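Engineer: Chains as they are written, first to last, in the working numbering: chain A, 1 to 220; chain B, 1001 to 1218.
Input: one structure, supplied below.
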Amino acid sequence: MKGIWWKLLGLLLVLFSLVYGMLGPVQRLPILNETIRVLYYHVPMWFAMVALMLTSLIYSLKALNTNNFAQDSYAFEAAKTGFFLASIGLSTGMVWARFTWGAFWVNDPKLNGTAVTMLIYLAYFVLRNSVEDPFKRIRLAGVYNIFAFVMMIVFIGILPRLTDSLHPGNGGNPGFNKYDLNSDMRPVFYSAVIGWILIGLWLTNLRVRYKNLKEKHEQV
Amino acid sequence: MIEQIYQIVKLNFRLEWQERQSYFSILIYILSSVYLSYLVFSEVISAETWNAFFWVIFIFSAVQAAYRSFHYEADQRFLLYYGMVKPENLVLGKIIYNFLYLYATGLFTALVFAFLMGNEINSLGAFLFILLLASLGFSAILTFVAGISAKASNNPALPAILSIPLLYPQLISLSRVSLRSLTGFSWEVNAPLLIVLALLSLVSLLLSFLLFPYLWRD
Chain A
1 MKGIWWKLLG
11 LLLVLFSLVY
21 GMLGPVQRLP
31 ILNETIRVLY
41 YHVPMWFAMV
51 ALMLTSLIYS
61 LKALNTNNFA
71 QDSYAFEAAK
81 TGFFLASIGL
91 STGMVWARFT
101 WGAFWVNDPK
111 LNGTAVTMLI
121 YLAYFVLRNS
131 VEDPFKRIRL
141 AGVYNIFAFV
151 MMIVFIGILP
161 RLTDSLHPGN
171 GGNPGFNKYD
181 LNSDMRPVFY
191 SAVIGWILIG
201 LWLTNLRVRY
211 KNLKEKHEQV
Chain B
1001 MIEQIYQIVK
1011 LNFRLEWQER
1021 QSYFSILIYI
1031 LSSVYLSYLV
1041 FSEVISAETW
1051 NAFFWVIFIF
1061 SAVQAAYRSF
1071 HYEADQRFLL
1081 YYGMVKPENL
1091 VLGKIIYNFL
1101 YLYATGLFTA
1111 LVFAFLMGNE
1121 INSLGAFLFI
1131 LLLASLGFSA
1141 ILTFVAGISA
1151 KASNNPALPA
1161 ILSIPLLYPQ
1171 LISLSRVSLR
1181 SLTGFSWEVN
1191 APLLIVLALL
1201 SLVSLLLSFL
1211 LFPYLWRD
């Protein structure tokens, strides 16, 4: 994506969702009450994470086919940004869980899924750092990244659907899915999702450019 | 192709048998870790703890057993293989070898468990079948990760770090379904979970098969 328009758009959308998420009207539900607002700060992170991991996967595939360093480092940075967004999503989720479930962490398929996804990507980062030869690194890391993405999809997309979960969106709990996203909340939520994806891509872009500049500086 | 795969499996057994200590070290590894859990947990063994300990020990011994898969290929033999064996055949051969090896390891672990901690297995047929599915999925992922760590070299923690998170999806379903085989198993009720397990193994196999050639070329 060329130009500045998408960066501005992302910024605006995120700003809108951050501010309006606090001020806008939401419906009042038992147990949830005002904590339903976490929808704007928690769920978009996962959308953005999946989008960035997908970007990382695509760049890994490209790098595997062309042996191109630039694409490989883009894949790495995208995965890093995705990981960063996942940690935000995890912490906002934990705060929400403390107030509705009474604990920061419970043994639940969705929570396990995200924890393991993060472990897999940590393993990916470790793998990258333990390979010295850059050509070898493109192949090993790229191949592992594909594996990691497939396992992530299995974990957050397939396994939770097979079991009951405490988490909203599964089972018969007073979660978001039955009531949420009425006409008041929908625009804020969607702008948050799109905004965070754009911000994530921008962040990746910045990191890659920073790294390139640093390398150039070191060569000079 | 089948002939070549068969030769690779045979070669692996021959090579490993020449250096028997790797087999024996896995046996001792299992014995000592099962004995450890026996010492720690001897009073409160229930089907749940039996199940949990069994899978934890099995997963670690499987990682130990399989990470040496490409041990012999590490130096000169790589070069020999490039010319002679297609990478697809090589990885399939290794997966089959590891599958047999892991299944034997799992059976041995179950035996030691039954001996030390009491036989909790209620429906043996189901348990053996679950173990078979587990070995299949584990061997696909572990062989692949062994290939990665053989190429990445000199980080001893790497096989465990790389493979254990990838094994979680299977392990979660496995421990759930195997607990039922300990307490009373019904094939109809558990069919969906078994199908999921089989599909997970299939996906892992397919990924290993498709991605291995990329890993392989230098």
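Glycine included, every Cβ here is placed at the ideal spot set by N, Cα and C.
If you're wondering where the values come from, they're calculated on a predicted model, not measured in any experiment.
1) Any idea if I4 of chain A is buried or exposed, counting beta-carbon neighbours within 10 angstroms, 16 or more meaning buried?
2) Give, in chain order, every residue of the region 1130-1161 of chain B whose Cβ lies closer than 7 Å to some Cβ of chain A.
3) Report the rounded CA-to-CA distance for A1126 of chain B versus F1113 of chain B, giving the unit in angstroms.
4) If you draw a straight line from the alpha carbon of P174 of chain A to that of W101 of chain A, how long is it in whole angstroms?
5) My guess is that F1063 of chain B and I1164 of chain B are in contact by the Cβ rule of under 8 Å, so how many angstroms apart are they, rounded?
6) So is P109 of chain A in contact with chain B if we call contact Cβ pairs under 9 Å?
7) Is there a Cβ from chain A that is less than 9 Å from the Cβ of P1087 of chain B?
8) Are the C-beta of Y1067 of chain B and some C-beta of chain A separated by less than 9 Å?
9) Go to H42 of chain A, then tell me how far its alpha helix (DSSP H) extends in each direction, as first and last residue.
10) Short of 7 Å in beta carbon distance, which residues of its chain neighbour T1143 of chain B, apart from the five on each side in sequence? Order them along the chain.
11) Below 8 Å between beta carbons is the criterion; list the residues of the region 1184-1208 of chain B that meet it against any residue of chain A, in chain order.
12) Could you name the residues of chain B that S73 of chain A contacts, counting a contact when the two beta carbons are closer than 7 Å?
13) Considering only C-alpha positions, which residue in the set B:L1158, B:I1161 and B:R1176 is nearest to L1131 of chain B?
14) Exposed or buried, what is N145 of chain A when buried is set at 16 or more other beta-carbons lying within 10 Å of its beta-carbon?
15) Decide if the region 21-41 of chain A is in contact with the region 114-126 of chain A; the criterion is three or more beta carbon pairs, one per stretch, under 8 Å apart.
16) F1211 of chain B versus chain A: which residues are under 8 Å apart at the beta carbon?
17) I'd like to know whether the C-beta of Y1214 of chain B is nearer than 9 Å to at least one C-beta of chain A.
18) Applying the criterion that 16 or more other CB atoms from any shown protein chain within 10 Å of the CB defines a buried residue, is D133 of chain A buried or exposed?
19) I want to know whether the region 7-26 of chain A touches the region 45-65 of chain A - three or more CB-CB distances under 8 Å.
20) Closest to M151 of chain A by CA distance: which of A:E215, A:N112, A:F135 and A:D184 is it?
21) Between B:E1019, B:S1173, B:A1110 and B:Y1006, which lies nearest to H1071 of chain B when the distance is taken from Cα to Cα?
22) Closer than 9 Å, CB to CB, is I1026 of chain B near chain A or not?
23) Which of helix, strand or coil does DSSP assign to N112 of chain A?
24) So, for Y20 of chain A: in the same chain, excluding its five sequence neighbours on each side, which residues have a beta-carbon less than 8 Å away from its beta-carbon?
25) Return the first residue and the last residue of the alpha helix (DSSP H) that V188 of chain A is part of.
26) When the Cα atoms are used, what is the spatial distance from G93 of chain A to V106 of chain A?
27) With 16 as the cutoff for other CB atoms within 10 Å, does N129 of chain A come out buried or exposed?
28) For L1167 of chain B, which residues in the same chain have their Cβ closer than 7 Å to its Cβ, ignoring the five residues on either side in sequence?
29) Looking at the C-beta of G171 of chain A, does it have a partner C-beta in chain B at a distance below 9 Å?
30) What does Y1168 of chain B reach in chain A if we use C-beta pairs closer than 7 Å?
31) Taking DSSP as the reference, what is the three-state secondary structure of W6 of chain A?
32) For a quick check, are the C-beta atoms of L1197 of chain B and A1152 of chain B less than 9 Å apart?
33) Within 10 Å of its beta-carbon, does F1013 of chain B have 16 or more other beta-carbons around it, so buried, or fewer, so exposed?
34) Listing by chain order, which chain B residues have their CB less than 7 Å from the CB of A123 of chain A?
35) Sorted by chain position, which residues of the same chain lie with C-beta nearer than 7 Å to W202 of chain A's C-beta, five sequence neighbours on each side aside?
36) Looking only at its chain, what residues have a beta carbon closer than 8 Å to the beta carbon of N205 of chain A, apart from the 5 residues adjacent to it on each side?
Structural biologist: So, to answer that:
1) exposed
2) I1148, K1151, A1152, N1155, L1158 and I1161
3) 17 Å
4) At P174 of chain A, the pLDDT of 36 sits below 50, so the modelled position is not reliable; the number obtained from the coordinates is stated separately. For P174 of chain A and W101 of chain A, the distance between alpha carbons rounds to 11 Å.
5) Sequence check: residue 1063 of chain B is Val here, not Phe. Between I1164 of chain B and V1063 of chain B the Cβ distance is about 7 Å, and since that is below 8 Å, they are a contact.
6) yes
7) no
8) no
9) V38 to T66
10) A1066, S1069, V1091, K1094, I1095, N1098 and S1208
11) P1192, L1193, V1196, L1200, V1203 and L1207
12) Correct list: empty, because the minimum Cβ distance to chain B is about 18 Å.
13) B:R1176
14) buried
15) no
16) According to the sequence provided, residue 1211 of chain B is Leu. The question's Phe does not apply to it. Ordered by position in chain A, the residues that pass the 8 Å Cβ test against L1211 of chain B are V143, I146 and F147.
17) yes
18) exposed
19) no
20) A:N112
21) B:E1019
22) no
23) helix
24) V188
25) M185 to Q219
26) 11 Å
27) exposed
28) I1059, F1138 and I1141
29) Residue confidence for G171 of chain A is low, a pLDDT of 44 falling below 50, so the modelled location carries little weight and cannot support an answer.
30) V116
31) helix
32) no
33) exposed
34) I1161, L1162 and P1165
35) K7 and G10
36) none
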